[in-house]
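Residue numbers (the working numbering), protein chains in the order written: chain A, 2 to 117; chain B, 89 to 721.
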Amino acid sequence: MPKKILIIDDDPVIVKYLMAIFSDNGYATCSAGSSMEGLDLVKKEKPDLICLDIQMPGEWGPRFYRKLRKDKEVKDIPIIVVSGIDGDHAVKNAVAFVKKPFDPEKLIGIVKNTIG
Amino acid sequence: MLVDDEEGIRKVLGISLTDLGYQVLTAENGEEALEIFRRENPPIVLTDIKMPVMDGIELLRKIKDESSDTEVIMITGHGDMDLAIKSLKYRAIDFVTKPINDDILEIALGRAHEKIHMRQKLRGYTENLESLVQEKSAQLVEIERQVAVGQAVEGLASMLRNLAGDLEGGLTYFNEMPCFVSIHNPKLKVIAVNQLYRDRLGDKVGRNSWEVYGDKAGTRSQCPVAETFKTGKGQRTRASIKYADDQEAPVIIHTAPIRNQSKEVELVVEISADITEVNRLQEELRQTQQRYQQLFDEVPCYVSLQDRQYRLLATNRRFNDDFDVELGAYCYEVYKHRDEPCPNCPVAKTFEDGRSHQSEMVVTPKSGEQCNVLIWTAPIRDADGEITRVMEMSTDITQIRELQDHLSSLGLKISSISHGIKSLLTGIDGGVYLVESGLTKDDPDRVKEGWDAVKTIVQRIRKLVLNILFFAKEREFKPEATDVLNFAYDVAASVESKINAAGVGLDRDFDTGQGEVQMDSGVVRLALINILENALDACLEDTAKKSHRIVFSVKRDKNKIVFEVKDNGIGMDRETRESLFTLFFSSKGNKGTGLGLFIANKIVAQHGGKIKVDSKPKRGSSFMITIPMKLTG
Numbered sequence: 002m003p004k005k006i007l008i009i010d011d012d013p014v015i016v017k018y019l020m021a022i023f024s025d026n027g028y029a030t031c032s033a034g035s036s037m038e039g040l041d042l043v044k045k046e047k048p049d050l051i052c053l054d055i056q057m058p059g060e061w062g063p064r065f066y067r068k069l070r071k072d073k074e075v076k077d078i079p080i081i082v083v084s085g086i087d088g089d090h091a092v093k094n095a096v097a098f099v100k101k102p103f104d105p106e107k108l109i110g111i112v113k114n115t116i117g
Numbered sequence: 089m090l091v092d093d094e095e096g097i098r099k100v101l102g103i104s105l106t107d108l109g110y111q112v113l114t115a116e117n118g119e120e121a122l123e124i125f126r127r128e129n130p131p132i133v134l135t136d137i138k139m140p141v142m143d144g145i146e147l148l149r150k151i152k153d154e155s156s157d158t159e160v161i162m163i164t165g166h167g168d169m170d171l172a173i174k175s176l177k178y179r180a181i182d183f184v185t186k187p188i189n190d191d192i193l194e195i196a197l198g199r200a201h202e203k204i205h206m207r208q209k210l211r212g213y214t215e216n217l218e219s220l221v222q223e224k225s226a227q228l229v230e231i232e233r234q235v236a237v238g239q240a241v242e243g244l245a246s247m248l249r250n251l252a253g254d255l256e257g258g259l260t261y262f263n264e265m266p267c268f269v270s271i272h273n274p275k276l277k278v279i280a281v282n283q284l285y286r287d288r289l290g291d292k293v294g295r296n297s298w299e300v301y302g303d304k305a306g307t308r309s310q311c312p313v314a315e316t317f318k319t320g321k322g323q324r325t326r327a328s329i330k331y332a333d334d335q336e337a338p339v340i341i342h343t344a345p346i347r348n349q350s351k352e353v354e355l356v357v358e359i360s361a362d363i364t365e366v367n368r369l370q371e372e373l374r375q376t377q378q379r380y381q382q383l384f385d386e387v388p389c390y391v392s393l394q395d396r397q398y399r400l401l402a403t404n405r406r407f408n409d410d411f412d413v414e415l416g417a418y419c420y421e422v423y424k425h426r427d428e429p430c431p432n433c434p435v436a437k438t439f440e441d442g443r444s445h446q447s448e449m450v451v452t453p454k455s456g457e458q459c460n461v462l463i464w465t466a467p468i469r470d471a472d473g474e475i476t477r478v479m480e481m482s483t484d485i486t487q488i489r490e491l492q493d494h495l496s497s498l499g500l501k502i503s504s505i506s507h508g509i510k511s512l513l514t515g516i517d518g519g520v521y522l523v524e525s526g527l528t529k530d531d532p533d534r535v536k537e538g539w540d541a542v543k544t545i546v547q548r549i550r551k552l553v554l555n556i557l558f559f560a561k562e563r564e565f566k567p568e569a570t571d572v573l574n575f576a577y578d579v580a581a582s583v584e585s586k587i588n589a590a591g592v593g594l595d596r597d598f599d600t601g602q603g604e605v606q607m608d609s610g611v612v613r614l615a616l617i618n619i620l621e622n623a624l625d626a627c628l629e630d631t632a633k634k635s636h637r638i639v640f641s642v643k644r645d646k647n648k649i650v651f652e653v654k655d656n657g658i659g660m661d662r663e664t665r666e667s668l669f670t671l672f673f674s675s676k677g678n679k680g681t682g683l684g685l686f687i688a689n690k691i692v693a694q695h696g697g698k699i700k701v702d703s704k705p706k707r708g709s710s711f712m713i714t715i716p717m718k719l720t721g
């Protein structure tokens with residue numbers, strides 16, 4: 002069974018892009034356009050990794066992260082931050098920070114190192 | 089008096105004495121001599137010792153008893169030394185021996201004379217001592233008095249100086265002002281003068297009161313001091329004064345009587361001020377005042393003087409130029425068209441604590457264009473140190489604020505745009521990736537998906553670039569007569585296809601007959617399209633309702649045109665509504681540039697119009713854009 006990656010980003014083009022990259026590398030994907038939606042999906046889908054944007058309408062990525070950390074069941078899911086802004090400190094314990102625009106090879110490399 | 093029993097001696101000696109310049113009386117014995125002595129009282133007696141009836145010693149004793157001042161010279165024969173010494177004991181002045189040597193006689197007489205003179209002098213001294221003491225002590229009193237008066241004069245002068253210094257708030261004009269102070273006695277003599285008088289006019293103490301003046305004031309009978317003694321009243325007159333260096337200058341002379349305990353005028357104080365100097369100082373003062381007035385008027389600030397009720401007591405020209413100022417009007421009325429004092433009024437604070445305060449406010453001048461002013465206040469105190477007025481200076485910092493806005497928004501813009509561009513690049517990467525991988529995998533759906541993504545991104549890039557260009561470029565404002573109805577149809581047409589393509593309906597609700605309006609139609613169209621597109625986005629965001637409509641209406645309200653864009657989309661909460669027009673505010677995440685409404689608002693404001701927003705979350709929003717038909721200002 003392929004590992005599942007949850008993509009949270011408000012830009013549908015980027016969601017589509019990330020989904021294509023991950024599925025081309027043999028991962029299952031699901032996506033959310035906001036952090037609220039993302040929080041629901043985390044519980045439902047139990048992804049192996051979360052790919053999180055920082056700046057989104059409504060709740061931003063960091064708040065999503067804090068809420069996530071409060072839920073014991075899902076708090077240890079690794080997170081990769083993919084964002085256009087420099088938010089290194091905004092999400093503690095993130096596996097990696099990938100700045101847009103990113104190199105797909107590099108992103109896949111990080112994902113592979115994290116979840117195999 | 090010559091006393092000898094021998095007639096020959098009386099004769100010879102008598103001739104010698106007469107030759108020496110004496111008036112000579114003679115007697116042949118002591119008894120006769122005493123008789124003549126008592127009658128004639130001669131100062132010097134020359135007597136033989138050995139005589140019948142009464143000898144010389146007896147005569148000496150009697151004379152000395154009766155008149156100790158009379159000097160007696162004894163004449164002795166040879167070997168009468170005992171008698172001679174005895175006679176000295178009885179206070180004879182000297183003795184001469186027979187035969188009489190003229191030289192020795194002269195010495196003896198000289199001694200007698202000296203003694204008499206000394207005694208007379210001594211007596212004179214003794215007798216005069218009392219009157220001398222009186223005279224000298226009177227002199228002393230006079231000197232003391234003069235010193236005291238002199239001190240009083242200097243004291244008065246310095247007091248006047250200090251007084252003037254206090255009055256002028258530290259200006260030292262009075263110190264420079266030549267004020268000649270002198271004191272005069274009833275004999276019209278100067279008895280004391282101040283230092284300046286001495287320096288410029290010479291030391292006139294003891295001289296006549298009128299001496300330094302020309303004209304009438306320079307005469308004995310009509311000089312101001314004389315007038316004051318005559319009338320007992322202070323005088324004020326003009327005259328010319330003669331300086332020690334022979335120059336003349338006009339002066340104003342003031343005099344004042346000084347009365348003693350019995351109310352008689354004892355002394356007169358005279359103060360003369362050089363008018364040329366006064367004139368010069370007045371001129372200087374006038375120029376200084378003029379400079380202050382000029383400064384007051386020309387300074388690039390609004391300056392006003394206010395009382396505790398915030399009434400304007402004085403305003404500078406700039407203030408008068410830019411505001412409708414009526415003296416006595418209230419500051420808050422004039423500046424801000426308010427009915428009551430502003431909260432946080434810096435003037436009020438200054439009245440309270442006496443310090444300067446600063447504040448920034450937005451005020452509305454005559455032109456109607458609001459401006460930001462930086463206000464600075466300063467207390468103005470009266471002589472008692474009470475704050476009676478506050479000066480307020482307001483500097484127009486609108487341009488600085490605008491520049492600041494521009495700069496900070498530039499910084500914001502750069503960071504925001506760089507973020508937006510990163511997203512766009514990522515999007516293009518995504519589109520390219522999808523197209524490429526679709527081609528490789530021979531998956532036409534994926535290729536199409538990728539291509540759509542590319543097209544979307546290109547659209548967004550276009551919008552962003554156009555907005556940035558609009559924002560960055562100083563666009564000239566070009567209003568022109570525009571037919572409102574045509575314009576509205578035009579705007580609607582340019583967005584209709586996009587709206588309909590998204591499955592949203594667009595209703596036109598145009599009143600006919602609005603006529604023409606003065607506006608820069610190009611930019612207003614941009615603003616309206618921006619708002620219409622926002623409405624479309626709001627509809628698309630909303631997933632709760634089945635169908636969405638946008639109503640675009642145009643109405644005339646008196647002399648204004650009102651455009652309204654109403655949607656039943658997602659709506660906004662209050663915070664969103666309030667920050668709508670802020671630069672780079674976007675509720676659309678990466679899809680918005682945060683420039684659209686900021687620019688729309690600027691455009692409408694440029695036309696003297698307003699955008700009013702009404703919205704409820706989940707119900708929809710309404711944007712009312714009001715533009716005056718005719719531009720004002």
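Just so you know, even glycine gets a beta-carbon here, dropped at the ideal spot from N, CA and C.
- Reduced DSSP secondary structure (H/G/I, E/B, other) of B:P338: Here residue 338 of chain B refers to the residue found at position 250 when the second sequence is read from its first residue. Strand at B:P338.
- Message: I want to see whether chain B comes within less than 8 Å of A:V92, judged by CB atoms only; does it?
- Response: Within the first sequence, numbered from 1, the residue matching residue 92 of chain A stands at position 91. A:V92 does not count as touching chain B.
- Task: Mind listing the chain A neighbours of B:E537? Cutoff is C-beta to C-beta under 7 Å, in chain order.
- Result: The residue given as residue 537 of chain B occupies position 449 in the second sequence. Simply K17.
- Message: Please classify B:N555 as buried or exposed, where buried requires at least 16 neighbouring CB atoms within 10 angstroms.
- Response: Against the second sequence, residue 555 of chain B aligns to sequence position 467. Label assigned to B:N555: buried.
- Message: Please report whether the beta-carbon of A:A29 lies at a distance below 8 Å from any beta-carbon of chain B.
- Response: Position 28 of the first sequence, counting from 1, holds the residue named residue 29 of chain A. Not closer than 8 Å to any Cβ of chain B, the Cβ of A:A29 fails to qualify, so no.
- Query: So, B:T135 versus B:M162, is the Cβ gap smaller than 8 Å?
  - Reply: Within the second sequence, residue 135 of chain B is the residue found at index 47, counting from 1. Within the second sequence, residue 162 of chain B is the residue found at index 74, counting from 1. With a cutoff of 8 Å on beta-carbon distance, B:T135 and B:M162 are scored as near each other.
- Query: So which residues of chain B does A:D41 contact, with C-beta pairs closer than 8 Å?
  - Reply: In the first sequence, residue 41 of chain A corresponds to position 40, counting from 1. Simply none; closest approach about 15 Å.
- Entirely enclosed alpha helix (DSSP H) segments - the region 376 to 456 of chain B, minimum 4 residues: 405 to 410, 419 to 424 and 434 to 441
- Query: B:A580 and B:L628: beta carbons closer than 8 Å?
  - Reply: Numbered from its first residue, the second sequence carries residue 580 of chain B at position 492. Numbered from its first residue, the second sequence carries residue 628 of chain B at position 540. The answer is no: Cβ separation not under 8 Å.
- Task: For B:S641, I'd like the list of residues in its chain whose CB is within less than 6 Å of its CB, leaving aside the five on either flank, ordered along the chain.
- Result: Along the second sequence, read from residue 1 onward, the residue named residue 641 of chain B stands at position 553. D597 and E652, listed in sequence order.
- Taking Cβ-Cβ distances below 7 Å as the criterion, which residues of the region 626 to 653 of chain B are in contact with chain A? Here the close residues number zero.
- Starting from B:R469, follow its DSSP beta bridges and name the residues at the other end. Reading the second sequence from its first residue, position 381 is the one you call residue 469 of chain B. B:I475, per the DSSP bridge assignment.
- Cutoff 8 Å: A:I22 Cβ touching any chain B Cβ: The sequence position of residue 22 of chain A within the first sequence is 21, counting from 1. By this cut-off, A:I22 is an interface position.
- From the beta carbon of A:F103, is the nearest beta carbon of chain B less than 8 Å away? One-based indexing of the first sequence puts residue 103 of chain A at position 102. For A:F103, the answer is yes, since a Cβ of chain B falls inside 8 Å of its Cβ.
- Message: Within 8 Å, do at least three Cβ pairs link the region 542 to 551 of chain B to the region 570 to 588 of chain B?
- Response: no
- Task: Could you tell me the distance, in whole angstroms, from the CA atom of B:I505 to the CA atom of B:L512?
- Result: Locating residue 505 of chain B in the second sequence gives position 417, where the first residue counts as 1. Locating residue 512 of chain B in the second sequence gives position 424, where the first residue counts as 1. Cα to Cα, the separation comes out at about 10 Å.
- Message: In the DSSP output, what is B:W724 paired with across the bridge?
- Response: Residue 724 of chain B is absent from the structure shown; chain B starts at 89 and stops at 721.
- Task: Given a cut-off of 8 Å, decide if A:L53 and A:V92 are closer than it, judged by their beta-carbon atoms.
- Result: Translated into positions along the first sequence, residue 92 of chain A becomes position 91. Translated into positions along the first sequence, residue 53 of chain A becomes position 52. Contact flag set, yes.
- Message: Between B:S175 and B:L148, how many whole angstroms is the CB-CB distance? I'm expecting something under 8 Å.
- Response: The count along the second sequence starts at 1 and reaches residue 175 of chain B at position 87. The count along the second sequence starts at 1 and reaches residue 148 of chain B at position 60. Indeed they touch by this definition, with Cβ atoms about 6 Å apart.
- Message: Determine whether the beta carbon atoms of A:L19 and A:C31 lie at a separation below 8 Å.
- Response: For this step, residue 19 of chain A is matched to residue 18 along the first sequence. For this step, residue 31 of chain A is matched to residue 30 along the first sequence. No, the Cβ-Cβ distance between A:L19 and A:C31 is not below 8 Å.
- Measure the C-alpha to C-alpha separation of A:I8 and B:E428 and round it to an integer number of angstroms. Walking along the first sequence from the start, residue 8 of chain A turns up at place 7. Walking along the second sequence from the start, residue 428 of chain B turns up at place 340. Near 58 Å, if we compare the C-alpha coordinates of B:E428 and A:I8.
- Can you grab the Cα-Cα spacing for the pair B:A693 / B:Y390, in whole Å? Residue numbering aside, residue 693 of chain B sits at position 605 when the second sequence is read from its first letter. Residue numbering aside, residue 390 of chain B sits at position 302 when the second sequence is read from its first letter. Their Cα atoms are separated by approximately 26 Å.
- Give a yes or no on whether 8 Å exceeds the smallest Cβ distance from B:Q708 to chain A. Position 620 of the second sequence, counting from 1, holds the residue named residue 708 of chain B. Note on identity: in this sequence residue 708 of chain B is Gly, with Gln being the wrong assignment. Judged by the 8 Å Cβ criterion, B:G708 is not in contact with chain A.
- Tell me whether A:I81 is buried or exposed, calling it buried when 16 or more other Cβ atoms sit within 10 Å of its Cβ. Sequence index remark: in the first sequence, residue 81 of chain A carries index 80 (1-based). Buried.
- Message: I want to verify the contact list: residues of chain A whose CB lies under 9 Å from the CB of B:I545, in sequence order.
- Response: The residue given as residue 545 of chain B occupies position 457 in the second sequence. Per Cβ cutoff of 9 Å: V14.
- Item | Under 8 Å between C-beta atoms of A:A29 and A:K44 | By 1-based counting over the first sequence, the position of residue 29 of chain A is 28. By 1-based counting over the first sequence, the position of residue 44 of chain A is 43. Going by C-beta atoms, A:A29 is not nearer than 8 Å to A:K44.
- Query: Are B:V353 and B:F384 closer than 8 Å when you measure CB to CB?
  - Reply: Taking the second sequence and counting its residues from 1, the one referred to as residue 353 of chain B is at position 265. Taking the second sequence and counting its residues from 1, the one referred to as residue 384 of chain B is at position 296. Not in contact: B:V353 and B:F384 (Cβ atoms no closer than 8 Å).
- Query: Going by the CB atoms, is the gap between B:I137 and B:T106 shorter than 8 Å?
  - Reply: Numbered from 1 along the second sequence, position 18 holds the residue referred to as residue 106 of chain B. Numbered from 1 along the second sequence, position 49 holds the residue referred to as residue 137 of chain B. No, the Cβ-Cβ distance between B:T106 and B:I137 is not below 8 Å.
- If you measure from the beta carbon of A:D25 to each beta carbon in chain B, is any gap under 8 Å? Your numbering for residue 25 of chain A matches position 24 in the first sequence. Closer than 8 Å to some Cβ of chain B, the Cβ of A:D25 qualifies, so yes.
- Message: Per DSSP, what are the beta-bridge partners of A:L7 in this structure?
- Response: Taking the first residue of the first sequence as position 1, residue 7 of chain A is located at position 6. Paired residue(s): A:C31 and A:I51.
- Go through the region 147 to 177 of chain B residue by residue and report every complete run of the alpha helix (DSSP H) that reaches 4 residues or more, in order. 169 to 177
- Determine the closest residue to B:R469 out of B:C430, B:K424, B:Q394 and B:L685, with distance taken between C-alpha atoms. As a working mapping, residue 469 of chain B is identified with position 381 in the second sequence. Of the residues B:C430, B:K424, B:Q394 and B:L685, the one whose Cα lies closest to the Cα of B:R469 is B:Q394.
- Message: In the DSSP output, which residue or residues are listed as bridge partners for B:V353?
- Response: Taking the second sequence and counting its residues from 1, the one referred to as residue 353 of chain B is at position 265. Per DSSP, B:R347.
- Message: Helix, strand or coil for B:P716? Go by DSSP, reduced to three states.
- Response: Within the second sequence, the letter at position 628 stands for residue 716 of chain B. In the structure shown, B:P716 sits in a strand (DSSP, three-state: E or B).
- Just to confirm, are B:L522 and A:A97 a CB contact at a threshold of 8 Å? Here residue 522 of chain B is taken as the residue at index 434 of the second sequence, counted from 1. Here residue 97 of chain A is taken as the residue at index 96 of the first sequence, counted from 1. Cβ distance not < 8 Å, so B:L522 and A:A97 don't count as in contact.
- Beta-carbon of A:I51 versus every beta-carbon of chain B: anything under 8 Å? The sequence position of residue 51 of chain A within the first sequence is 50, counting from 1. Not an interface residue.
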